[in-house]
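Protein sequence lines, in the order shown, are assigned to chains A and B. If you're matching positions, the first sequence starts at 1 in the working numbering and goes up one per residue. If you're matching positions, the second sequence starts at 1001 in the working numbering and goes up one per residue.
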Amino acid sequence: MSEYSEPTGQPGGAPPAPLWEVFVRARRGLAHTHVGSLHAADAELALRNARDLYTRRQEGVSIWVLPAAAITASSPDEKDAFFDPAADKVYRHPTFYEVPEGAAHL
Amino acid sequence: MRDLLLAGNLLHPLEIDVLSCNTWGMYGNDFPADDTAGGLLGEVEAAEMALRAAAERGRHGSAGADPAAYFAEVVAADQKVEPRDWMPEAYRATLIRQIAQHAHSEIIGMQPEGNWITRAPSLKRKAILLAKVQDEAGHGLYLYAAAETLGVSRDELVDLLLAGRQKYSSIFNYPTLSWADMGTIGWLVDGAAIVNQVPLCRCSYGPYARAMIRICKEESFHQRQGYEILHTLAHGTPAQREMAQDSVNRWWYPSLAMFGPPDTDSTHSAQSMAWKIKRFSNDELRQRFVDMCVGQAEVLGLTLPDPALRWNDERGAYDFTQPDYAELMRVIKGAGPCNRQRMEHRRRAHREGAWVRAAAAAYAAKQANKKEPAKQKEKVA
Ligand SMILES: [Fe+2]
Ligand SMILES: [Fe+2]
């Protein structure tokens, strides 16, 4: 037992269990939404822990867990440059267009 | 039993997603709708709406060349600071300390109530208490996760707790001597925690604010189940009534001390307020708590142990006796009735759980190894 009793965060201690991001589908018809994260040794444990941690009150009908390390993120520091290509394409939104008087079902 | 549900005006209808839970119906706690829009849960909902609204307003401008000015702007506009944003080092350090301390409190806070799980007077009470203690573990984990977004690891924080280098709320260093303490803890200790935490739902740091919203919604069940226990005891046999009163007598002042030292001695407050981590001062929150408890105690038919407690018309608030802050300091420094016991228990639990963590890691490694050769085979084929 003593070989594991070292505090885990200390240098030389056991490596921390990987971090998982948790997504929950609240109800049929809704997309999975990010609800938080947790540590677990593998995917199966991550799923079980996610159930106990994030759906104790039937908050979901389906859970996804994915390793946080597998996520590629656009940093907010690069926000402007990264999302720029969309900024000048207002014509992608229906509100860009003027609908002539009397035209229905548009 | 239903009558008491009409009681406290802070008892606010729960959100649909909480209400729809099975266990809730099982205990027959169908709450009549009341219209206390100013109730604490109402404030949690308002904070959640404000958070969404701020997100929709979007951030004007961008960090650009002057990240400090941008940070100040985001905070001033009541927008949320997110993990990868630039932030002052002292802001980061303050948040890590506060969130960690909060997380530790949830974890250590399982012990006083865990003490009564096997001795709950009925299966129903036992199931409720188990669910409550499990919630507290969940709160600890949400909060460690929020702290981790600031660049510290949960293991580091756990180590700091185990080494006695980070604190937890001093309230959990008091013993739970009777079953009535389960009622009083829910009513007063969770009640004080809610008063403290509801404003944190509007904290400027996004992950903390979101964790607090989730936690506060769960806390209201904690408070109600405690209030129900006390109400039942207070209307039971003379001995039960006495047990309830004795329990309230013991927990009242330590609960008042949960709001921290008086404003005149509170060191971190001003800066935390400027950063919108904190929204109200210790004394403001304590006053608010007292004002709520007086009416609730009346409905219980129990007495708050303060002969100086009386309504002050001028202030529009109750005058009350301050808790013994010297005692608070002693307990924080380690001389409370249960400090040693709480830390020893936590260290032992951590140590005795080590083989579970090691086994899970070994199993995960073994499964990963099994998959590796299979993948290579696929490639060859
Ligand atoms: Fe909690
Ligand atoms: Fe609680």
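Beta carbons: idealized from backbone N, C-alpha and C, even for Gly. Keep in mind it's a predicted model, so treat the numbers as computed, not measured.
Checklist entry - Can a CB atom of chain B be found closer than 8 angstroms to the CB of R56 (chain A)? => result Your numbering for residue 56 (chain A) matches position 56 in the first sequence. The Cβ of R56 (chain A) sits closer than 8 angstroms to at least one Cβ of chain B.
Next on the checklist: Cutting at 6 angstroms between CB atoms, please list the residues of its own chain near D1324 (chain B), excluding the five before and the five after it.
Outcome noted: Within the second sequence, the letter at position 324 stands for residue 1324 (chain B). Excluding residues within five positions, none has a Cβ falling inside 6 angstroms.
Next on the checklist: Using beta carbons (cut-off 8 angstroms, strictly below), is G1028 (chain B) in contact with chain A?
Outcome noted: As a first step, residue 1028 (chain B) is located in the second sequence; it is residue number 28 there, counting from the start. Interpretation of G1028 (chain B) is limited by its pLDDT of 32, a score under 50 that renders its predicted location unreliable; the figure taken from the coordinates is listed afterwards. No, its Cβ sits nowhere closer than 8 angstroms to a Cβ of chain A.
Checklist entry - Just checking, does the segment 1084-1098 of chain B make contact with the segment 1266-1273 of chain B on the three C-beta pairs under 8 angstroms criterion? => result Contact between the segment 1084-1098 of chain B and the segment 1266-1273 of chain B is present, because at least three Cβ pairs lie under 8 angstroms.
Item to check | Partner residues on chain A for A1145 (chain B), Cβ-Cβ distance less than 8 angstroms | outcome: Mapped onto the second sequence, residue 1145 (chain B) falls at position 145. Using a Cβ-Cβ cut-off of 8 angstroms, A1145 (chain B) is close to G36, S37 and L38 of chain A, given in chain order.
Checklist entry - Is there contact here, the segment 1067-1083 of chain B with the segment 1228-1243 of chain B, by at least three beta-carbon pairs under 8 angstroms? => result The segment 1067-1083 of chain B, when compared against the segment 1228-1243 of chain B, does not touch it at the 8 angstroms Cβ threshold.
Next on the checklist: Using a 10 Å radius around the Cβ and a threshold of 16 neighbouring Cβ atoms, would you call Y1168 (chain B) buried or exposed?
Outcome noted: Here residue 1168 (chain B) is taken as the residue at index 168 of the second sequence, counted from 1. It counts as buried.
Next on the checklist: Any C-beta of chain A within less than 9 angstroms: which residues of the segment 1127-1158 of chain B qualify?
Outcome noted: Under the 9 angstroms Cβ criterion, the segment 1127-1158 of chain B contributes A1131, Q1134, D1135, A1137, G1138, L1141, Y1142, Y1144, A1145, A1146, E1148, T1149, S1153, R1154, D1155, E1156, L1157 and V1158.
Checklist entry - So A103 (chain A) is in the alpha helix (DSSP H); what residue range does that whole segment cover? => result As a first step, residue 103 (chain A) must be located in the first sequence, where it is residue number 103. Neither: A103 (chain A) is in no alpha helix (DSSP H) and is coded neither H nor E.
Checklist entry - Does the beta-carbon distance from N1282 (chain B) to D1306 (chain B) come in below 8 angstroms? => result Along the second sequence, read from residue 1 onward, the residue named residue 1282 (chain B) stands at position 282. Along the second sequence, read from residue 1 onward, the residue named residue 1306 (chain B) stands at position 306. Not closer than 8 angstroms, so no.
Item to check | N1249 (chain B), DSSP secondary structure in three states | outcome: Position 249 of the second sequence, counting from 1, holds the residue named residue 1249 (chain B). N1249 (chain B): helix per DSSP, three-state reduction.
Next on the checklist: By alpha-carbon positions, which one of B:A1239, B:R1310 and B:V1198 ends up nearest to K1278 (chain B)?
Outcome noted: In the second sequence, residue 1278 (chain B) corresponds to position 278, counting from 1. If we check each option's Cα against that of K1278 (chain B), B:V1198 comes out closest.
Checklist entry - Excluding sequence positions up to five away, which residues of its chain have a Cβ less than 6 angstroms from the Cβ of E1219 (chain B)? => result Sequence index remark: in the second sequence, residue 1219 (chain B) carries index 219 (1-based). Listed in chain order, the non-local C-beta contacts of E1219 (chain B) below 6 angstroms within the same chain comprise D1190 and I1194, local neighbours out to five positions each way being set aside.
Checklist entry - Quick one: what does DSSP say D1319 (chain B) is sitting in, helix, strand or coil? => result Position 319 of the second sequence, counting from 1, holds the residue named residue 1319 (chain B). Note: D1319 (chain B) maps to strand in three-state DSSP.
Checklist entry - What's the call for Q1341 (chain B), buried or exposed, on a 16-neighbour Cβ count within 10 Å? => result If you number the second sequence from 1, residue 1341 (chain B) lands on position 341. Exposed: under 16 other Cβ atoms inside 10 Å.
Checklist entry - Roughly how many angstroms separate the alpha carbons of C1216 (chain B) and L53 (chain A), rounded to a whole number? => result The residue given as residue 1216 (chain B) occupies position 216 in the second sequence. The residue given as residue 53 (chain A) occupies position 53 in the first sequence. C-alpha separation (whole angstroms): 15 angstroms.
Item to check | Within-8 angstroms CB hit, D88 (chain A) to chain C | outcome: Here chain C cannot be found, since the structure's protein chains are A and B.
Item to check | C-alpha gap between T1267 (chain B) and D42 (chain A), whole angstroms | outcome: Position 267 of the second sequence, counted from the first residue, corresponds to residue 1267 (chain B). Position 42 of the first sequence, counted from the first residue, corresponds to residue 42 (chain A). Their backbone Cα atoms lie some 43 angstroms apart in a straight line.
Next on the checklist: What does the alpha-carbon distance come out to for the pair L1157 (chain B) and C1338 (chain B)?
Outcome noted: Stepping through the second sequence from its first residue, residue 1157 (chain B) is reached at position 157. Stepping through the second sequence from its first residue, residue 1338 (chain B) is reached at position 338. Annotation: L1157 (chain B) to C1338 (chain B) spans about 22 angstroms, alpha carbon to alpha carbon.
Checklist entry - When the cut-off is 8 angstroms and only beta carbons count, does V1018 (chain B) lie next to chain A? => result For this step, residue 1018 (chain B) is matched to residue 18 along the second sequence. Confidence is the limiting factor: at V1018 (chain B) the pLDDT is only 33, short of 50, which leaves the residue's position unreliable, though a coordinate-based value still follows. Yes, V1018 (chain B) counts as interfacial toward chain A.
Checklist entry - Straight-line CA distance for K1126 (chain B) to W1179 (chain B)? => result On the second sequence, residue 1126 (chain B) is found 126 positions in, with the first residue counted as 1. On the second sequence, residue 1179 (chain B) is found 179 positions in, with the first residue counted as 1. As the crow flies, the alpha-carbon of K1126 (chain B) is around 11 angstroms from that of W1179 (chain B).
Item to check | Closer than 7 angstroms: H1139 (chain B) CB and nearest ligand 1 heavy atom | outcome: To locate residue 1139 (chain B), count along the second sequence from 1; it is residue 139. Judged by the Cβ position, H1139 (chain B) qualifies as a neighbour of ligand 1 at the 7 angstroms threshold, a heavy atom of the ligand being closer than this.
Checklist entry - Is DSSP giving P1305 (chain B) helix, strand or coil here? => result By 1-based counting over the second sequence, the position of residue 1305 (chain B) is 305. Coil at P1305 (chain B), not helix or strand.
Next on the checklist: Strictly by DSSP, which residues pair up with W64 (chain A)?
Outcome noted: Position 64 of the first sequence, counting from 1, holds the residue named residue 64 (chain A). Assignment of beta-bridge partners to W64 (chain A) by DSSP yields A:F23.
Next on the checklist: Determine, for Q1322 (chain B), whether the minimum Cβ-Cβ distance to residues of chain A falls below 8 angstroms.
Outcome noted: For the purposes of this step, residue 1322 (chain B) is taken as the residue at position 322 of the second sequence. Contact of Q1322 (chain B) with chain A is not assigned, every C-beta pair being separated by 8 angstroms or more.
Item to check | 7 angstroms Cβ cut-off: residues of chain B touching L53 (chain A) | outcome: Your numbering for residue 53 (chain A) matches position 53 in the first sequence. The contacting residues are G1138 and L1141.
Checklist entry - For H1102 (chain B) versus L1143 (chain B), is the C-beta distance shorter than 8 angstroms? => result The residue you call residue 1102 (chain B) lines up with position 102 of the second sequence. The residue you call residue 1143 (chain B) lines up with position 143 of the second sequence. Closer than 8 angstroms, so yes.
Item to check | Chain-order list of residues whose beta-carbon lies under 6 angstroms from that of V1075 (chain B) (same chain, five-residue window excluded) | outcome: By one-based count along the second sequence, residue 1075 (chain B) stands at place 75. The residues are S1204 and K1276.
Next on the checklist: Taking only three categories from DSSP, how would you classify W1116 (chain B)?
Outcome noted: Walking along the second sequence from the start, residue 1116 (chain B) turns up at place 116. Of the three classes helix, strand and coil, the one that applies to W1116 (chain B) here is coil, per DSSP.
Next on the checklist: Assuming the contact rule is C-beta atoms closer than 8 angstroms, A1047 (chain B) and I1099 (chain B) should be a hit. Round their C-beta distance to whole Å, please.
Outcome noted: As a first step, residue 1047 (chain B) must be located in the second sequence, where it is residue number 47. As a first step, residue 1099 (chain B) must be located in the second sequence, where it is residue number 99. Going by Cβ atoms, the distance from A1047 (chain B) to I1099 (chain B) rounds to 17 angstroms, so no, they are not a contact pair.
Item to check | S37 (chain A), DSSP secondary structure in three states | outcome: As a working note, residue 37 (chain A) is residue 37 in the first sequence. Strand at S37 (chain A).
Checklist entry - In chain B, what lies closer than 9 angstroms to P100 (chain A) by C-beta? => result Within the first sequence, numbered from 1, the residue matching residue 100 (chain A) stands at position 100. Near P100 (chain A) there are no residues of chain B at all, since even the closest Cβ is about 30 angstroms away, more than 9 angstroms.
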